[in-house]
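Residue numbers (our numbering): 978 to 1650.
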Amino acid sequence: LPVLEKEEYLPAVCKMCPALCMLEIRVVNGKPVGVAGKPGHPLSQGTICPKGNAILQELYHPDRLRHPIRQKGARGSDQWERISWDEAHQVLRSKLSDLLSRKKADRLAVIAAPIRDIRHELQRRFARVFPTPHFWEWNWPLAEGPVDAFKLMHGSSEGLFYDLANASHIVSFGWDWLQSFPSPLEAQRAYSRLRRGRMERRTRMVQIEPRLSITAAKADDWIRIKPGTEGILALGIANQLLARRLYDESFVSRWTSGFKDFKELVIAEYGPEKVSAATGVEPTKILELARDMASIRPSLAITRRGDLFNQVAVHSLNALLGSIGLQRGVLWSEAEKHKLALPRETPSPAKGGLESVHQLPEAITTGRTNVEVLWLERVNPVFLSPEPQRWRDAMAKIPFIVSFSSFLDESSAMADIVLPPHSSLEAWQYGFSRTLEGNGVVSFAPPIVEPFYETGDHGDFVLKLARSLNSHIASQFPWETFVDALRHAAGRAGVEPLMRQGGWREFKASYATPASAISHPTRKFQFAADKVKKTQPGIKTSTQSLNLHVFIPLALSFGDGAHLPYLHSLVGHHLKEEWETWLEIHPSTAGRLSIKDDQMVWVESSIGKIKAKAKYFVGIDPDTVAMPLGLGHTAMGRYARGIGTNPADLIERHFDASGLPIWHDTKVRVYAA
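Given below as structure tokens:
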């Protein structure tokens, strides 16, 4: 037996999702062997989510890339050769220098993961000073709040958040927030406080969605609805609030603009009978919802970042009920100003970027946008996108692609060079997060172990590349190493004092009047009736008979994690299903289609078909079937490749006014395989 020579518990910042919680790693004889949440940390508080628990599986994964590789055959041939970091640097430097010499800097496109750290700042900075307008974060709309509605109706989304931890009445429109909240730990903690944390009152929770999700199962009331019609129901509730004068007239008159047009539209177009026909929710239930939201103040209407119509419709309820700028409602926190940031760069003007990264494939294939170099940073659009073949087609037209990835995923398989970064336990880490209360949290951690392989630091690579291009770009990156940039961002306070304090610092939020939550020059909330009119959903016709509802299990939050065996065991526990993609179907629907429980079936849309295992589930609308996102990889290592199928292959390519793809607008038919 090995001798226990030395045991340590060292801090780490988790990068398994954008929440950036702090961990405590048990290290024995110099090797990480255990993981737990960091006690006392404002986010972790000694707890950990499933993805954080899997961080050691990622560190020791047998399919981690161990050195840079270059495609030596045709793209997709899976023929690779080993190269050095210096070779990779020279190749990319040559490609970018060529763009600069031809004054074609805008032909560089960068897509980065939405991790809020200094490496991300360096990547964004590089794109701005290069300069190219084509820099995007690969945000996952199914796990975000209504960012687009916040921008439109408040003037900015910066600092806005739902005060879930203190809410009295939460009505969730289509957001399974206990599974897909940006911070899983914070969502679980909020639920605990709502249910058990306050003796004086018990928060009422209502969940509106087609499927009995984890959140719906935990709610006081689950209201089954047709997929994609949550916004219509929200305006039906608004109709009753207005018709019966149940809304907050004082707040509306003082703090809002555009109310008259909004009221006229809602009264004329969203009566109970019409809304009921569209949503499947009874008129009496619509009135009941309106009365409850008006009587239990403040009521909080929440939704995810779906299509713009749904976002705007749902968030309008918060204004009608006076829940904006009010504790237990929608609040604004100035905590963002405390995040570490590098000094502002001096960018050259770069205009003409697309509104959304999801529009890029069509822009490339139609010739509207010319991309010669694509830089992917820990993102996999070929897997996590509706109709992913469009990304393959677009990437085939790009002359050069470089991907920073620890694994050879579907997008990296299309690259010319793949560069593996250090794991989060092998590198300096910094993260900025926000708690449920809006407090800002800055977290630091040094490397736990030396790098196992010939991996590299993405921040160091960006710095070296920037200094090798031209004097203007080099002048914007005066730091020798990533750690130098990190120390500069930390300022006079320095990194070491923070480490002595446990590795983090918390900045308390401050709240003021509703005006603080509104950035429009008028300091008034905008009801945006014009946007509601322009984005109203039409009636979709199809030869397929069933609505397809896709959802994200907690273990595969943000659509990734299928390469880690531990997470597979947690994906379908409610149906005792794992290591397979399943189709949730109501028993009555299955009987009509002669489909048996556990039978393999084809699920077919207008663009393709995939196999799945049928699972009887009474918690689904009979006109709807549901499938989990995150399985069905064709790459990503031995534990992900060939396991299950990917529902994204069924999702039709429809885009919303926000520029985002619509995930709930696909019809399918189901038949025996």
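For each residue, glycine too, the CB sits at the ideal point set by N, CA and C. None of the values given here were measured: they were computed from a predicted structure.
Give the straight-line distance between the Cα atoms of residue i and residue j, rounded to the nearest whole angstrom.
i        : j        : result
Leu-1189 : Leu-1298 : 27 Å
Ile-1516 : Leu-1137 : Because Ile-1516 carries a pLDDT of 46, less than 50, the predicted location of this residue cannot be relied on, and no value is offered for it.
His-1653 : Asp-1434 : Outside the shown range of the chain (978 to 1650) lies residue 1653, about which nothing can therefore be said.
Leu-1606 : Gly-1549 : 11 Å
Thr-1520 : Ser-1133 : In this prediction, Thr-1520 has a pLDDT of 47, which is less than 50 and means its spatial position is unreliable; nothing more can be read from the coordinates.
Leu-1242 : Lys-1508 : 11 Å
His-1551 : Ala-1194 : 11 Å
Asp-1094 : Pro-1110 : 21 Å
Asp-1125 : Glu-984  : 48 Å
Pro-1358 : Pro-1365 : 7 Å
Ile-1279 : Asp-1075 : 48 Å
Gln-1217 : Leu-1264 : 6 Å
Ser-1071 : Ala-1065 : 10 Å
Ile-1088 : Leu-1331 : 12 Å
Thr-1518 : Lys-1590 : A caution first: Thr-1518 carries a pLDDT of 44, below 50, which makes its placement in the model too unreliable to give a value.
Trp-1556 : Ala-1539 : 9 Å
Lys-1262 : Gly-1213 : 10 Å
Phe-1377 : Ser-1276 : 51 Å
Pro-1363 : Trp-1115 : 14 Å
Glu-1354 : Trp-1113 : 10 Å
Arg-1172 : Ile-1191 : 15 Å
Ser-1522 : Val-1602 : 10 Å
Starting from the C-beta of residue i, find all residues in its chain whose C-beta is less than 7 Å away, skip the five residues before and the five after it, and write them out in chain order.
i        : result
Ala-1505 : Leu-1129, Met-1130, Gly-1235 and Val-1289
Ala-1612 : Leu-1385, Asp-1386, Glu-1387, Ala-1390 and Arg-1618
Asn-1030 : Val-1012 and Tyr-1543
Classify residue i as helix, strand or coil using the three-state DSSP reduction.
i        : result
Thr-1256 : helix
Gly-1208 : helix
Thr-1024 : coil
Ser-1496 : coil
Asn-1447 : coil
Met-1577 : strand
Arg-1482 : strand
Thr-1518 : Note that Thr-1518 scores 44 on pLDDT, short of 50, meaning its location in the model is unreliable and no value can be drawn from it.
Lys-1195 : helix
Pro-1016 : coil
Tyr-1593 : strand
Trp-1152 : coil
Arg-1355 : coil
Mark residue i as exposed unless 16 or more other C-beta atoms lie within 10 angstroms of its C-beta, in which case mark it buried.
i        : result
Arg-1367 : buried
Lys-1511 : exposed
Glu-1186 : buried
Gln-1048 : buried
Asp-1574 : exposed
Asp-1197 : exposed
Arg-1201 : buried
Asn-1143 : buried
Ile-1153 : One point to set straight first is that residue 1153 is Asp, not Ile, in the sequence displayed. Classification for Asp-1153: buried.
Glu-1259 : exposed
Thr-1499 : exposed
Asp-1140 : buried
Tyr-1224 : buried
Ile-1244 : exposed
Arg-1179 : exposed
Asp-1393 : buried
Asp-1642 : buried
What residues in its chain sit with their C-beta under 8 Å from that of residue i, if we drop five residues either side in the sequence?
i        : result
Pro-1016 : Glu-1001, Gln-1022 and Gly-1023
Ser-1565 : Pro-1599
Lys-1008 : Val-1426
Val-1472 : Phe-1421, Leu-1463 and Arg-1464
Ala-1466 : Ile-1095, Glu-1098, Leu-1317, Ala-1318, Leu-1319 and Tyr-1407
Thinking C-alpha only, which one of the options is nearest residue i?
i        : options                                   : result
His-934  : Thr-1233, Gly-1436 and Ala-1167           : Residue numbering for the chain in the displayed model covers 978 to 1650; residue 934 lies beyond these limits and cannot be assessed.
Leu-1627 : Val-1645, Lys-1592 and Asp-1633           : Val-1645
Tyr-1593 : Ile-1572, Ala-1220 and Leu-1285           : Ile-1572
Phe-1158 : Arg-1172, Arg-1281, Leu-1099 and Pro-1474 : Arg-1281
Pro-1091 : Ile-1032, Ala-996, Ala-1220 and Arg-1079  : Ala-996
Ile-1529 : Phe-1484, Ala-1650, Leu-1361 and Pro-1542 : Leu-1361
Ala-1120 : Ser-1160, Val-1148, Glu-1557 and Ala-1104 : Ser-1160
Leu-1663 : Trp-1456, Asp-1633 and Val-1439           : As displayed, the chain neither begins before 978 nor continues past 1650, which places residue 1663 out of reach and without an answer.
Ala-1082 : Arg-1173, Val-1350, Ala-1013 and Met-1182 : Val-1350
Given residue i, which residues of its chain have a CB within under 6 Å of its CB, disregarding the five upstream and five downstream residues?
i        : result
Thr-1256 : Ile-1202, Lys-1203, Thr-1206, Ile-1209 and Leu-1210
Pro-1424 : Glu-1403 and Ala-1404
Ile-1587 : Val-1580, Thr-1622 and Asp-1626
Asp-1284 : Asp-1633 and Ile-1639
Answer with yes or no whether the minimum CB distance from residue i to chain B is below 8 Å.
i        : result
Gly-1607 : Although the question refers to chain B, the structure presented lacks it and comprises just one protein chain.
Is any heavy atom in the ligand ZN found nearer than 7 Å to the beta carbon of residue i?
i        : result
Ile-1191 : Among the components of this structure there are no ligands whatsoever, and the ligand ZN is therefore not found.
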